[in-house]
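The structure appears right after this line, and notes come after that.
Protein chains: 2
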Amino acid sequence: MDTNVRHSSGLPANVLDPDCPSRVIFQRIGDKWASLVVQVLDDGPVRFSELRKMVSVVTPKVLTQTLRSLERDGLVTRTIHAQVPPRVDYELTDLGRSLLEPLAQLRKWAEGNVPAILAARDAYDDAQDEALLG
Amino acid sequence: MDTNVRHSSGLPANVLDPDCPSRVIFQRIGDKWASLVVQVLDDGPVRFSELRKMVSVVTPKVLTQTLRSLERDGLVTRTIHAQVPPRVDYELTDLGRSLLEPLAQLRKWAEGNVPAILAARDAYDDAQDEALLG
DNA sequence: AAAGACGGTATCTATTTGATACTGATAGCT
DNA sequence: AGCTATCAGTATCAAATAGATACCGTCTTT
Numbered sequence: 172m173d174t175n176v177r178h179s180s181g182l183p184a185n186v187l188d189p190d191c192p193s194r195v196i197f198q199r200i201g202d203k204w205a206s207l208v209v210q211v212l213d214d215g216p217v218r219f220s221e222l223r224k225m226v227s228v229v230t231p232k233v234l235t236q237t238l239r240s241l242e243r244d245g246l247v248t249r250t251i252h253a254q255v256p257p258r259v260d261y262e263l264t265d266l267g268r269s270l271l272e273p274l275a276q277l278r279k280w281a282e283g284n285v286p287a288i289l290a291a292r293d294a295y296d297d298a299q300d301e302a303l304l305g
Numbered sequence: 172m173d174t175n176v177r178h179s180s181g182l183p184a185n186v187l188d189p190d191c192p193s194r195v196i197f198q199r200i201g202d203k204w205a206s207l208v209v210q211v212l213d214d215g216p217v218r219f220s221e222l223r224k225m226v227s228v229v230t231p232k233v234l235t236q237t238l239r240s241l242e243r244d245g246l247v248t249r250t251i252h253a254q255v256p257p258r259v260d261y262e263l264t265d266l267g268r269s270l271l272e273p274l275a276q277l278r279k280w281a282e283g284n285v286p287a288i289l290a291a292r293d294a295y296d297d298a299q300d301e302a303l304l305g
C-alpha cells in the first residue's frame, strides 16, 4: 500500500496528470516571480516596497498578483499595520517555509550550472549560424 | 573563501540579482512545460508525439518551443532517425539528468501538499465572499 | 487513388505580463 | 494654508507569450 496523497478521484497525486490539482500547484511554484518572493521572505517579514526592491525588477501590479496568489494558497500571510504611511508586512507561513528547501535545491542547481548552460547556448547558437551560412 | 560559481562580473551567481544569468536559468526551469518535459524524459528517449501525450495537454507549437529551449540550454538532445514516417527522439543529457533530483523534490512537495493548499484556497475564497457580502 | 503516420510550421486569437500614471490618507515643512 | 513626501497599492493601455486550429511534405499501406 502506497502512502501517497490522493485527491477526490481516489488516484494518487500526480503532476503529469493534467486533471490533478498538484499539476496546477507545481506550475504555480514555477511562476516567474512567486518562487523568488518566497526565497526573499526567508529572512522574516518584509513590507511591500522592500520586497519590490529585493526581487527587482517587478512592477507593482505583478507583485500584487503574485502575493495574492501566494496568500490564497496559504504560503504567505499579509498583515496590515494601522499606521501612516501604511505598513503591510508579508511573511511566510509554515507551509511556505516548507517550500524553502526544495526551492533552495533548485536555486543551487541554477546558480551552479550557469557556466555549463551558457557554454551550451554558445555552442548551439554557433551551430545554428553554421547551418545558415553552410 | 567561498566556492560559489562566479560570472563575468566576478560576483557569485545569485538568483536574486536581476543581471545574473542564473536568474534567467532559474526562471526557465520554472517554465510551465519545461520541467514537466524533463521529468517525462527520465525514462529514456521519447519521440515527439509520445511526449505530447505524456505531457498533455500541450500544443505542438509550444512543445516545439520548449524542446528547442531545452536543447539550446544543453539539457536535452534531439536525434533524427532517417525513417519513414520520421522518428525524432528527445533524450536528457547528463546536465539534464542532474536536474531530475531537484525537480523530484519540488514535485514531491507539490503532490504532498495538495490538500493543504486546496484547504487554504477554500478558506481564502470563503473569507473573500464574507467580506463582499458584509 | 485515398488515407494515414509523423514531426512539425503558419496563422490567428486569447491570455498574461509589463510600463506608466495615478489615488487616498496623513505627516511634516514653509 | 499649501506643497511635498511616504506607502501600498489600482487603472489603463501596450507588448509579449501561450494556445487553438489548420495545414505541409514524405513516404507507406489499403
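Chains A and B, in that order, are what the protein sequence lines are. Counting with the numbering used here, you get residues 172 to 305 for the letters of the first sequence. Counting with the numbering used here, you get residues 172 to 305 for the letters of the second sequence. Just so it is clear, CB atoms sit at the ideal spot from N, CA and C, and this is done for glycine as well.
{"Query": "Quick one: list the residues of chain A neighbouring D202 (chain B), beta-carbon separation under 8 Å, in chain order.", "Result": "G201"}
{"Query": "For a cutoff of 7 Å on Cβ pairs, would you count A275 (chain B) as touching chain A?", "Result": "no"}
{"Query": "Would you mind reading off the limits of the beta strand (DSSP E) that contains L263 (chain B)?", "Result": "R258 to L263"}
{"Query": "Is there at least one Cβ from chain A nearer than 7 Å to F197 (chain B)'s Cβ?", "Result": "yes"}
{"Query": "Compute the distance between the beta-carbons of G283 (chain B) and V259 (chain A), then report whether it is under 7 Å.", "Result": "no"}
{"Query": "Below 7 Å on C-beta distance, what does G283 (chain A) contact in chain B?", "Result": "V176"}
{"Query": "Can you name the start and end residues of the beta strand (DSSP E) that V247 (chain B) belongs to?", "Result": "V247 to H252"}
{"Query": "Interface residues of chain A around G245 (chain B) at Cβ under 8 Å?", "Result": "A287, I288, A290, A291, R292, A294 and Y295"}
{"Query": "Less than 7 Å between the beta carbons of L274 (chain B) and D213 (chain B), yes or no?", "Result": "no"}
{"Query": "Anyone know if the C-beta pair for A298 (chain A) and G245 (chain B) falls short of 7 Å?", "Result": "no"}
{"Query": "Distance check for Y261 (chain B) and R218 (chain B), CA to CA, integer angstroms please.", "Result": "6 Å"}
{"Query": "So that I know if they touch, is there some Cβ in chain A lying closer than 7 Å to that of S193 (chain B)?", "Result": "yes"}
{"Query": "Can you check DSSP and say which residues form a bridge with R218 (chain B)?", "Result": "B:D260"}
{"Query": "Return helix, strand or coil for P183 (chain B), following the three-state DSSP convention.", "Result": "strand"}
{"Query": "Distance, Cα to Cα, Q276 (chain A) vs L241 (chain A)?", "Result": "20 Å"}
{"Query": "Identify the continuous alpha helix (DSSP H) that holds K279 (chain A) and give its terminal residues.", "Result": "L271 to G283"}
{"Query": "Against chain A, which members of the region 223-245 of chain B pass a CB distance test of less than 8 Å?", "Result": "M225, V226, S227, V228, E242, R243, D244 and G245"}
{"Query": "Less than 7 Å separating the beta-carbons of R199 (chain B) and V186 (chain B)?", "Result": "no"}
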